[in-house]
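Beneath this line is the structure, given in structure tokens, with notes to follow.
Chains as they are written, first to last, in the working numbering: chain A, 242 to 535; chain B, 645 to 890.
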């Protein structure tokens, strides 16, 4: 394999990896705040992607506006699910394991609702980017992939800045670390958890529009990326924000190179094998390794 | 300032508090003593809204607060330093203190109170960038106290502030509480270390099996034979006598 092809593959892997990271980040934040493994996160992404595309087709918005619309819609959907379903279950004292199973129910429900309302046919995003390749040495790089990486990284950095430097962000971290003590500081847990879902949904919506622009949008597009993002979050160390970012990108690269070096037929299986290996060998993930190293 | 009237709390149908009535006047230090599992912590949690009262009233300046959520109660000027400090482990000292001021909107005011906290606990200022989990037990207690001060409370509730601390550190924490009282803060102190609590307080209540069984001034309680035998290290022999008479 030539250097040029290697660079092209790496860029492709980074782009899809950024998308996994965005989904995994939302999952991670939700796990930290509530303990819920949110298996419907891929479907939240799908809702952002599908309705983002509708907005694009109906209103002829520029790409950046479509991205914002997808983020907003997915964010609102996530908050509605939290307030309408998960919060109600928590208030009734439903065990956590049952709520996690409910997230699978939500995942199926969202797929079916979108299939009914939006149709079963995948619809492709119109060309959003210049089609001329950027050349980098001998490598030809698609502007679309570069944009996905740039936007993905910008969104992730914005999240870090929010969590680290704003009062709401710090309060959310406090609520995730010790909910009871956070309440004694005057933090309203219902609100703080809703904001967590909002942000998780917004990140997933960004992933949805970016992923849609690579391939197409459809009711079933969220399922596999959702599972893969869960693998990525586990790879990074479930519950670690930095781990989710690195885990997603690493997973995207592994999957891309695995498909080329092993077989494209096993592309999806590679991820699942990876999940089993992680859980068997180092269940704490990358974050666990780093912590042990310290 | 604060009044509990026949407060009753049940966890999943099991009574933790049967009947607790007490009064805390403005500017006082009032202590609640009793052995493990008698409902001291539950009483504080009911006041701060973490657990719901099944019966009875909680009045703050004459207004009923027992149905309010914890955030609304903090907003009304009650700060609760929970048992075991409960510092946010992955936040820095400075961030912990900022979270304490969650409901204070004026950033100038926050900076002013922050300076007060750092003046009272210079050690926290030195460690302001360190994560909460890296502090010693005593430093964590100071941080928990400072964090509670950040909400500018009228009433400060402390749950076992001396637990697990070295005697010298206990003294430092006690001094801080007394200094806070001088600034006009009312204190409700829960302690297993009754010697310390009774020495610090104006008045005290003895809690046994979810009921208030005795209340008096701190000095009177220190001389009360029952309190001496049960809570001030009166010896095993006396305990046996009490069991027989009971």
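Just so you know, even glycine gets a beta-carbon here, dropped at the ideal spot from N, CA and C. Computed from a prediction, not measured in an experiment: that's the story for all the values here.
Interface flag, residue i vs chain A, CB-CB below 7 Å
| i | result |
| --- | --- |
| residue 744 (chain B) | yes |
| residue 747 (chain B) | yes |
| residue 797 (chain B) | no |
| residue 765 (chain B) | no |
| residue 738 (chain B) | no |
| residue 591 (chain B) | In the structure as shown, chain B begins at 645 and stops at 890. Residue 591 (chain B) is therefore absent and cannot be evaluated. |
| residue 732 (chain B) | yes |
| residue 662 (chain B) | no |
| residue 718 (chain B) | yes |
Alpha-carbon spacing of residue i relative to residue j, whole angstroms
| i | j | result |
| --- | --- | --- |
| residue 503 (chain A) | residue 375 (chain A) | 28 Å |
| residue 514 (chain A) | residue 423 (chain A) | 39 Å |
| residue 455 (chain A) | residue 389 (chain A) | 9 Å |
| residue 290 (chain A) | residue 345 (chain A) | 19 Å |
| residue 286 (chain A) | residue 459 (chain A) | 11 Å |
| residue 773 (chain B) | residue 673 (chain B) | 33 Å |
| residue 495 (chain A) | residue 313 (chain A) | 31 Å |
| residue 694 (chain B) | residue 716 (chain B) | 11 Å |
| residue 393 (chain A) | residue 266 (chain A) | 12 Å |
| residue 477 (chain A) | residue 330 (chain A) | 29 Å |
| residue 452 (chain A) | residue 257 (chain A) | 8 Å |
| residue 818 (chain B) | residue 768 (chain B) | 17 Å |
| residue 486 (chain A) | residue 713 (chain B) | 36 Å |
| residue 382 (chain A) | residue 347 (chain A) | 38 Å |
| residue 363 (chain A) | residue 442 (chain A) | 22 Å |
| residue 758 (chain B) | residue 792 (chain B) | 11 Å |
| residue 526 (chain A) | residue 475 (chain A) | 6 Å |
| residue 658 (chain B) | residue 734 (chain B) | 35 Å |
Local conformation of residue i per DSSP, three classes
| i | result |
| --- | --- |
| residue 277 (chain A) | coil |
| residue 889 (chain B) | The predicted position of residue 889 (chain B) is uncertain, since its pLDDT is 33 and thus under 50; a value taken from the coordinates is nonetheless stated next. If DSSP states are grouped into helix, strand and coil, residue 889 (chain B) belongs with the helices. |
| residue 707 (chain B) | strand |
| residue 796 (chain B) | coil |
| residue 663 (chain B) | strand |
| residue 748 (chain B) | coil |
| residue 716 (chain B) | helix |
| residue 431 (chain A) | helix |
| residue 376 (chain A) | strand |
| residue 879 (chain B) | Low per-residue confidence applies at residue 879 (chain B): pLDDT is 46, beneath 50, and the placement is therefore not dependable, though the value from the model is reported in the following sentence. Reduced to three states, the DSSP call for residue 879 (chain B) is coil. |
| residue 810 (chain B) | coil |
| residue 503 (chain A) | coil |
| residue 509 (chain A) | helix |
| residue 301 (chain A) | coil |
| residue 361 (chain A) | coil |
| residue 830 (chain B) | strand |
| residue 846 (chain B) | coil |
| residue 261 (chain A) | helix |
| residue 417 (chain A) | helix |
| residue 455 (chain A) | helix |
| residue 306 (chain A) | helix |
Buried versus exposed, by CB contacts within 10 Å (16 or more), residue i
| i | result |
| --- | --- |
| residue 732 (chain B) | buried |
| residue 418 (chain A) | buried |
| residue 892 (chain B) | Any question about residue 892 (chain B) goes unanswered here, given that chain B covers just 645 to 890. |
| residue 746 (chain B) | buried |
| residue 336 (chain A) | exposed |
| residue 246 (chain A) | exposed |
| residue 438 (chain A) | buried |
| residue 827 (chain B) | exposed |
| residue 361 (chain A) | exposed |
| residue 357 (chain A) | exposed |
| residue 786 (chain B) | buried |
| residue 517 (chain A) | exposed |
| residue 680 (chain B) | exposed |
| residue 262 (chain A) | buried |
| residue 327 (chain A) | buried |
Supposed contact pair residue j and residue i - C-beta distance, whole angstroms, cut 8 Å
| i | j | result |
| --- | --- | --- |
| residue 684 (chain B) | residue 834 (chain B) | 4 Å |
| residue 447 (chain A) | residue 308 (chain A) | 6 Å |
| residue 839 (chain B) | residue 876 (chain B) | 6 Å |
| residue 831 (chain B) | residue 865 (chain B) | Not confirmed; about 16 Å, so no contact. |
C-beta neighbour in chain B for residue i, strict 7 Å
| i | result |
| --- | --- |
| residue 427 (chain A) | yes |
| residue 411 (chain A) | yes |
| residue 418 (chain A) | yes |
| residue 401 (chain A) | no |
| residue 380 (chain A) | no |
| residue 525 (chain A) | no |
| residue 415 (chain A) | yes |
| residue 356 (chain A) | no |
| residue 485 (chain A) | no |
| residue 422 (chain A) | yes |
heavy atom of the ligand GTP below 6 Å from residue i C-beta
| i | result |
| --- | --- |
| residue 444 (chain A) | Looking at this structure, you won't find the ligand GTP or any other ligand, since it has none at all. |
**Report entry** Residues within the region 312-340 of chain A neighbouring chain C, beta-carbon criterion of under 9 Å
**Finding:** Reference to chain C is not applicable here, since the protein chains of this structure are A and B.
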